[in-house]
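Add 1 to the 1-based position in the sequence shown for the numbering used here, that's all there is to it. This report refers to the structure that appears directly beneath it.
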Amino acid sequence: MKPLGSIVRRPAIVLALFAIGMASRAGVPGPRRKSVGIREAGVEMSNGVPRLTINEQPTLPFAFFYNSDIRDWRESGHLQAQVDLARRTGVHIYSMSFRTPRTQPAGIETNWAWCDQYIDAFIELDPKAVFLLRIYAGPNWSWNVWKDIKPDHLVLYADGSRGRVSIASPYFHKPTDEDLARIVRHYEASPYGERILAYEVGGPNIEMFHDLYRVKGPDYSPMNQACFRKWLADKYDSDQALRTAWGDPEETLAAATIPESEPGRFPMHGGNDPVRVFYHIPEEQDWIDFSAYSQEIVADRLIDWARIVKRETQRRKLTLFFYGYTFELPGSFSGHYALQRVLDCEDVDLLGSPYSYVDRDVGGAGSFMCPIDSVVAHGKLWFNEDDTRTFALSERTNKTGLSFHSTGGKTPDETLGILSRNCAALLAHRAGTWWMDLISGGAFDEPALWSMLHRRLPLYQALYREPTPYRPDVAVLVDEESKLYVHDDWDVNSWTLYRMRSSAQQSGTAVGFYTLDDLCADVVPACKVYVFANAFHLSDADIAAIHRRLSRGQATAIWAYAPGYLGPSGPSVRRMRRVLGMDVALQDGVQGSTGVGPLAGLAWATSARVSPRFVVTDAAAETLGRYRSDGSISSARVGRSVFLADMGVTPAVLRCLFEEAGAHIWTRGNEVIHTDGRFLAVHTGHTGKVVVEVPPSLRADPIDALKVQRNGKSELTITASRGDTAWFSLHPVRVARR
2 MKPLGSIVRR PAIVLALFAI GMASRAGVPG PRRKSVGIRE AGVEMSNGVP RLTINEQPTL
62 PFAFFYNSDI RDWRESGHLQ AQVDLARRTG VHIYSMSFRT PRTQPAGIET NWAWCDQYID
122 AFIELDPKAV FLLRIYAGPN WSWNVWKDIK PDHLVLYADG SRGRVSIASP YFHKPTDEDL
182 ARIVRHYEAS PYGERILAYE VGGPNIEMFH DLYRVKGPDY SPMNQACFRK WLADKYDSDQ
242 ALRTAWGDPE ETLAAATIPE SEPGRFPMHG GNDPVRVFYH IPEEQDWIDF SAYSQEIVAD
302 RLIDWARIVK RETQRRKLTL FFYGYTFELP GSFSGHYALQ RVLDCEDVDL LGSPYSYVDR
362 DVGGAGSFMC PIDSVVAHGK LWFNEDDTRT FALSERTNKT GLSFHSTGGK TPDETLGILS
422 RNCAALLAHR AGTWWMDLIS GGAFDEPALW SMLHRRLPLY QALYREPTPY RPDVAVLVDE
482 ESKLYVHDDW DVNSWTLYRM RSSAQQSGTA VGFYTLDDLC ADVVPACKVY VFANAFHLSD
542 ADIAAIHRRL SRGQATAIWA YAPGYLGPSG PSVRRMRRVL GMDVALQDGV QGSTGVGPLA
602 GLAWATSARV SPRFVVTDAA AETLGRYRSD GSISSARVGR SVFLADMGVT PAVLRCLFEE
662 AGAHIWTRGN EVIHTDGRFL AVHTGHTGKV VVEVPPSLRA DPIDALKVQR NGKSELTITA
722 SRGDTAWFSL HPVRVARR
């Protein structure tokens with residue numbers, strides 16, 4: 002990697018990157034002048050790539066967020082410095098916390114002058130500025146009616162404490178809808194309207210889950226209880242149907258309540274002994290129902306807001322929401338497991354989240370929280386919020402309480418390597434980003450960072466000029482419905498989704514992330530390997546659709562833990578046999594395995610007592626692993642069906658199975674690789690030699706100035722430092738005819 006000084010002192014290069022309508026038509030005498038002219042914004046699906054468009058012109062999805070909620074956010078000089086760096090790099094899309102308080106003391110009319118200051122601050126620094134407005138619509142302290150809010154409308158936790166307004170409250174719902182419509186209508190009719198690209202809406206928490214659910218559990222407020230009962234009445238047509246489902250002969254639709262948790266469940270935590278994986282059916286069907294309800298109420302609010310924005314803008318502007326944290330959030334009732342419902346809504350254009358906090362450090366995958374490739378397949382554009390704690394921030398000088406857990410980059414080189422890795426993920430998976438100065442402390446107030454982005458942008462431009470879909474060798478499939486049945490809040494999600502996601506990306510091959518629903522609907526492209534990360538609950542129709550899909554190609558299926566164990570009639574090992582094509586049995590005990598045969602010498606999964614635990618009993622199956630605790634067969638293969646009964650697989654295990662299934666392995670040292678056939682990026686967490694194996698059909702040419710040695714036609718050796726991300730352009734090799 003180049004020394005920092007050699008980058009910082011380079012003259013800034015202005016890159017004409019964005020085709021933003023009528024930008025820079027003349028002088029810009031004042032911030033409110035209509036100088037940009039966004040007549041229409043859209044997301045255009047072009048050959049598998051959802052391209053952001055402004056006035057029908059493709060526009061690269063890069064933005065900068067500056068947190069205007071921080072005290073004295075305009076005074077530090079960081080806003081001016083970072084907007085100047087963004088502008089010089091060609092980035093003119095901005096976002097901020099866009100608060101809309103009401104004038105005091107009356108608390109009736111919106112204080113538009115207060116709102117305008119946010120937009121004006123950016124326009125004064127960049128006349129081409131356009132905006133993703135992050136709106137916190139609905140009742141807040143500045144409303145005259147706030148003092149009259151009844152406690153029943155506030156989130157109520159089991160310990161008696163209260164939180165924000167409940168998302169189930171009509172006091173929140175109707176006023177928020179009306180306030181959102183008023184805000185959008187006002188700005189679309191104002192001179193600022195031609196600068197607004199999208200409206201980002203959320204609430205009561207902008208990230209669409211209530212703040213303390215992981216700490217204190219569900220919302221037991223009367224409003225949420227009433228909404229849950231209504232949901233139950235829609236699902237069950239009679240008291241008898243509810244009684245049968247819940248296994249309670251005295252339950253009624255009128256009296257049903259949100260279930261109480263067992264002592265010690267919250268705060269959510271790991272390390273339970275044993276780990277009870279699933280809710281008991283029918284005794285805990287109430288938890289499963291409450292979990293399903295919790296997803297739907299959040300998704301439905303989001304969809305309502307999308308429709309309001311589309312209506313008030315005559316469909317000329319975009320909608321943006323934080324949603325789809327399917328891999329990231331623990332617990333069965335987070336509210337984020339109705340992504341398929343959201344993807345099916347034509348009024349939703351953009352989705353986003355921070356990139357994963359689990360594996361963002363040097364050498365980590367820097368994962369998407371969502372099944373990113375399903376989002377893209379449905380024509381939605383995903384934005385990663387990149388709030389990396391860069392080397393420009395300091396724990397010592399931070400006065401905001403910002404967590405530096407998973408800091409991201411303690412040194413300039415580490416920060417550059419992480420941001421470069423993140424850019425590679427965006428390019429491969431056809432996504433966008435905003436760099437976020439979360440504490441307005443100058444996180445991106447360093448020319449070196451923007452210089453790195455400048456060097457990457459030509460690859461994005463090439464993709465937008467000639468869009469091609471992402472076609473990975475491996476598809477990791479996540480099932481939203483199965484998450485509703487998981488009783489253990491922490492370890493199971495960590496083992497089955499966190500680790501699977503990270504391990505797959507450190508296996509050395511190209512990986513995509515999709516929903517199981519999309520596989521059943523034939524949305525997922527043909528891959529060499531399908532990994533069923535958490536396909537615990539499968540209907541008969543699901544099993545048939547999966548088997549049809551697998552039978553069409555010579556793909557390998559890797560099944561994790563308990564595929565099909567749960568179904569319409571409850572738990573069944575027999576259903577697992579149907580799914581796997583091999584005999585298995587239930588035998589509770591300690592998980593954690595040692596490899597056999599092709600996996601000899603490998604070990605995986607944390608040693609922990611789990612219930613249920615499964616063993617392979619099929620004499621015809623090829624043994625791949627045995628439990629360390631008792632020698633029972635934990636992993637096996639029949640044909641192209643591979644079963645791993647443990648939770649918590651490693652990169653080495655996946656690498657071996659992927660390679661046997663025909664996936665190309667680019668590196669073997671747990672590096673993170675991203676490639677789409679046009680480029681290759683390799684991110685390493687260690688110092689030393691990294692060997693890259695290039696397919697014979699391709700030639701890899703280094704883009705960066707890292708030391709690269711060619712070891713013949715199909716192998717390269719990178720001399721890397723910890724945190725480096727090496728980039729290569731890939732070119733087809735012409736094979737001479739004989």
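The C-beta atom is built at its ideal place from N, Cα and C for all residues, glycine as well.
With distances taken between CB atoms, is the gap from residue i to residue j smaller than 8 Å?
i	j	result
D414	S722	yes
F66	W383	no
M745	N141	Given a span of 2 to 739 for the chain in the structure shown, any question on residue 745 remains unanswerable.
T258	Q226	yes
V359	G686	no
S262	G218	yes
L243	I94	no
I544	R579	yes
C116	T101	yes
Y221	A293	no
G649	W605	yes
V376	G325	yes
V479	A664	no
P696	K714	no
Buried or exposed: which applies to residue i, given that a residue is buried once 16 or more other Cβ atoms fall within 10 Å of its Cβ?
i	result
S570	exposed
K255	Per the sequence shown, residue 255 should be read as Ala rather than Lys. Exposed is the call here.
H732	exposed
R740	In the structure as shown, the chain starts at 2 and stops at 739, and residue 740 therefore has no counterpart that could be examined.
Q592	buried
V743	The structure shown does not extend to residue 743, since the chain spans only 2 to 739, so no value can be given for it.
P754	For residue 754 there is no data in the structure shown, the boundaries of the chain being 2 and 739.
P32	Residue placement at P32 is poorly supported in this model, since its pLDDT is 42, which falls under 50; the coordinates are not used for a value here.
E482	buried
A27	Reliability fails at A27, whose pLDDT of 29 lies under 50, so the model's placement of it is uncertain and no value is given.
D438	buried
A449	buried
V15	Confidence in V15 is poor, its pLDDT being 29 and thus under 50, which makes the residue's placement too unreliable to answer from.
S239	exposed
P12	Low confidence applies to P12: its pLDDT is 28, below 50, so where it sits in the model is not reliable enough to give any reading.
V216	exposed
T688	exposed
I719	buried
G724	buried
A505	buried
A621	exposed
E251	exposed
G272	exposed
Counting only C-beta atoms, is residue i closer than 8 Å to chain B at any point?
i	result
F323	Looking for chain B here will not work: only one protein chain is present.
I'd like the span of the beta strand (DSSP E) that includes residue i, first residue to last.
i	result
Q507	Note, Q507: premise wrong, no beta strand (DSSP E); not H, not E.
W436	433 to 438
R165	163 to 166
W491	From DSSP, W491 is part of no beta strand (DSSP E); its letter is neither H nor E.
T720	716 to 721
Starting from residue i, follow the alpha helix (DSSP H) in both directions and report where the run begins and ends.
i	result
R214	In the sequence under discussion, the amino acid at residue 214 is Tyr, which differs from the Arg named in the question. 214 to 217 is the span of the alpha helix (DSSP H), which, as asked, contains Y214.
P741	This structure leaves residue 741 out entirely; the chain is present only between 2 and 739.
V37	Counting along the chain, V37 falls outside any alpha helix (DSSP H), and DSSP gives it neither H nor E.
T90	79 to 90
E313	286 to 313
H455	448 to 466
F1	In the structure displayed, the chain extends from 2 to 739; residue 1 sits before or after that span and is not available.
D235	223 to 236
*How do the region 152 to 166 and the region 206 to 221 stand: do at least 3 beta-carbon pairs fall below 8 Å, yes or no?*
Because the criterion of three Cβ pairs below 8 Å is met, the region 152 to 166 and the region 206 to 221 touch.
*Assess, as a yes-or-no matter, whether the region 704 to 711 is touched by the region 722 to 734 under the definition of 3 or more beta carbon pairs within less than 8 Å.*
yes
*asked:* Could you tell me which whole alpha helix (DSSP H) segments of length 4 or greater appear in the region 615 to 696?
replied: 652 to 661
_Segments of 3+ residues assigned as beta strand (DSSP E) that fall wholly inside the region 326 to 400_ = 351 to 355, 382 to 387
*Within the chosen definition, does the region 310 to 326 reach the region 551 to 571 through at least 3 CB pairs nearer than 8 Å?*
Cβ pair count under 8 Å is below three, so no.
*Within the chosen definition, does the region 331 to 347 reach the region 370 to 377 through at least 3 CB pairs nearer than 8 Å?*
yes
*Contact between the region 126 to 133 and the region 82 to 91: three or more CB pairs below 8 Å?*
yes
*For the region 242 to 266, which segments carrying the beta strand (DSSP E) assignment without a break, of at least 3 residues, lie completely within its bounds, in sequence order?*
none
*asked:* Which runs of the beta strand (DSSP E) at least 3 residues long sit entirely within the region 174 to 206? Give them in chain order.
replied: 197 to 202
*Would you check if the region 592 to 603 and the region 615 to 622 touch, i.e. whether three or more CB-CB distances between them fall below 8 Å?*
no
*Is the region 672 to 686 in contact with the region 519 to 526, if contact means three or more CB pairs nearer than 8 Å?*
no
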